[in-house]
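Novice: Residue numbers (UniProt numbering): 1 to 307.
A virtual CB, placed ideally from N, CA and C, is assigned to each residue, including glycine.
Structure incoming, see below.
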Amino acid sequence: MKEKEKNTPKAAPENDEKLEINKSLFQVNKDLRKQREAELEAQQREAERRYAEKEKQKREAYEKQLQDEKIELMRLKQGIVEESESTIHEEKEEEVKLSFWKKIGNFFYHNKWWLGLGVFFVALGGYLAYDLLTKPNPDMVILMLCDNDAVGNSAYLEEYFTEFGEDSNGNGKVLVSVYYIPYSDDDYQNYIKGVTNKLTNFLGNEESVVIIGNKKTSDELLEPEESFVDLSELYPDDTHISGKYFYYLKDTDFADKIGVSKADIPDDMYLALRRPRGLINASQEDMQETYDKDFPTFDRVIHDLSK
């Protein structure tokens, strides 16, 4: 039994046969792919060669045409020939006829930036002119040179003084303007609110002689003896006048008249009258003119508050 099994021939392994077949197929596919790639590369090179040849022929033809035209142009200029026999022709732009409205549209299209700037400046000029013509022209200006928002922003402050004003500019209306300049101890706030520039401007011209101020005003801005009129000579019996130059508002009904609390009127708030003198931007005569114009209103206010 063992001898029989020993002499029996072995069968070929089925897996080895399949492996050999797969290797053969892989090699065939690989060879075919290389052959295809080589063919494609050859086709690509041929296409590039043909394209380069075609471009070269076009370039040579164009260069020859330019050379021929150049030679013929020289012959025309030298008078050798009277008319060009080639393709040299003077090209004239065909005149395009536009309708009236299309001409207008074409003009606006080509000049839109300049027209835009023109419209902007015309509009700006119109606005400035309108603002100038419609801006209220006060008959009298009062400077409030102290930091007190309750009084400075009162809706009835200007109305109260206007009640005693006169139509000095002849426009048929009476308007007294109070320019509130909140001069305070805070230098930074004075700077960002433009207080310093406003003080320089208004205290340097003759536009106003009536002042609403406080101790800081007289200590730092306006020297009383040089800047203010002696009110004690004008109103010798008025108990609200102290220090000769100041009409103090604390014990008057000024708070009620302008619609604020009495607590909003500090002890050192006063009315004062600037003395006419030469200024940086005004002569003494200019300031005297303002003084003569505004004093009657100031006088009526003092008498009203001293009742």
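Rounded to whole angstroms, what's the CA-CA distance from L143 to T239? Just pull it up for me.
Specialist: 24 Å
Novice: May I have the straight-line CA-CA distance separating D268 from Y248, to the nearest angstrom?
Specialist: Going from the Cα of D268 to the Cα of Y248 covers about 7 Å.
Novice: Do you know offhand how far Q57's Cα is from R75's?
Specialist: 27 Å
Novice: Could you check whether K244 and S227 sit closer than 8 Å to each other, using their CB atoms as the reference points?
Specialist: No, Cβ-Cβ distance for S227 and K244 is not below 8 Å.
Novice: Near E206, which residues of its chain fall below 6 Å by C-beta distance, leaving aside the five closest residues on each side in sequence?
Specialist: A282, D286, M287, T290
Novice: Along the alpha helix (DSSP H) that carries F202, what are the first and last residues, could you check?
Specialist: According to the DSSP assignment, F202 belongs to the alpha helix (DSSP H) that extends over 195 to 202.
Novice: Quick check for students: name the residue ranges of the alpha helix (DSSP H) that lie wholly in the region 109 to 188, counting only runs of 4 or more.
Specialist: 112 to 134, 149 to 152, 157 to 162
Novice: Within a Cβ cutoff of 6 Å, which residues of the same chain sit near K293, ignoring the five residues on either side of it in sequence?
Specialist: S168
Novice: Between G259 and S154, is the Cβ-Cβ spacing less than 8 Å?
Specialist: yes
Novice: Look at the alpha carbon of residue 329 and the alpha carbon of G170, and state the distance between them as a whole number of angstroms.
Specialist: No information on residue 329 is available, as it lies outside the stretch 1 to 307 that the chain covers here.
Novice: Rank P296, N137, E37 by C-alpha distance to the C-alpha of L175 and give the top, closest one.
Specialist: N137
Novice: Suppose you measure from the CA of E41 to the CA of R33; what does that come to, to the nearest Å?
Specialist: Taking the straight line joining both Cα atoms gives about 12 Å.
Novice: Thinking C-beta only, is G165 closer than 8 Å to T297?
Specialist: yes
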